[in-house]
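Remarks on the structure that follows.
Residue numbers (the numbering used here): 21 to 117.
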């Protein structure tokens, strides 16, 4: 049973990687696909902790890091939309030396 859930989680993670590579031009869709990846990793951690009967403290720590990452991404998105007027990555030059 746990093997099937692990395979499903792996399939969903690969699908989120494909979404991340397909929607690379929009920051909002990139952030959504990153959150989908983090949710898959959280599910994967839950399966592995459930199978080994360990403490679930690491899940709360990972969930806290996930929330901080999403808040940081959304604040960056709001800043870029106010500054540029859109969320396209083609107008954003990340290599500014």
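Yeah, the Cβ is synthetic: ideal placement off N, Cα and C, and Gly gets one too. All values derive from a computational prediction rather than experimental measurement.
key: Distance between residue 106 and residue 69 (C-alpha atoms, nearest Å)   = A straight line joining the alpha-carbon of residue 69 with that of residue 106 spans about 41 angstroms.
ask   = What does a CB cutoff of less than 6 angstroms around residue 40 pick up in its chain, not counting 5 residues either side in sequence?
value = Leaving aside the five residues that flank residue 40 on each side, the residues in its chain whose CB is nearer than 6 angstroms to its CB run, in chain order, 53.
ask   = Are there 16 or more other CB atoms within 10 angstroms of the CB of residue 84, so buried, or fewer, so exposed?
value = Exposure of residue 84 is indicated by the presence of fewer than 16 other C-beta atoms within 10 angstroms of its C-beta.
inquiry  = For residue 76 and residue 26, I'd like the C-alpha separation in whole angstroms.
reply    = Rounded to whole angstroms, residue 76 to residue 26 spans 18 angstroms at the Cα level.
ask   = Going by the CB atoms, is the gap between residue 60 and residue 95 shorter than 9 angstroms?
value = A distance of 9 angstroms or more separates the beta carbons of residue 95 and residue 60.
message = If you follow the alpha helix (DSSP H) that residue 18 is in, where does it begin and where does it stop?
response = Outside the modelled stretch of the chain, which goes from 21 to 117, sits residue 18, for which no answer is possible.
task = With a cut-off of 8 angstroms on the beta carbons, I'd call residue 48 and residue 92 a contact; round off their distance for me.
result = The beta-carbon separation of residue 48 and residue 92, rounded to 14 angstroms, does not stay under the 8 angstroms limit for a contact.
message = Within the continuous alpha helix (DSSP H) that includes residue 73, where are the two ends?
response = For residue 73, there is no enclosing alpha helix (DSSP H), as DSSP marks it with neither H nor E.
request  = Tell whether a beta-carbon distance below 9 angstroms holds between residue 36 and residue 57.
outcome  = For residue 36 and residue 57, yes; Cβs fall inside 9 angstroms.
query = In chain order, what residues of the same chain have a beta carbon less than 8 angstroms from the beta carbon of residue 62, not counting five sequence neighbours either side?
reply = Result list for residue 62: 79, 82, 83, 86, in chain order.
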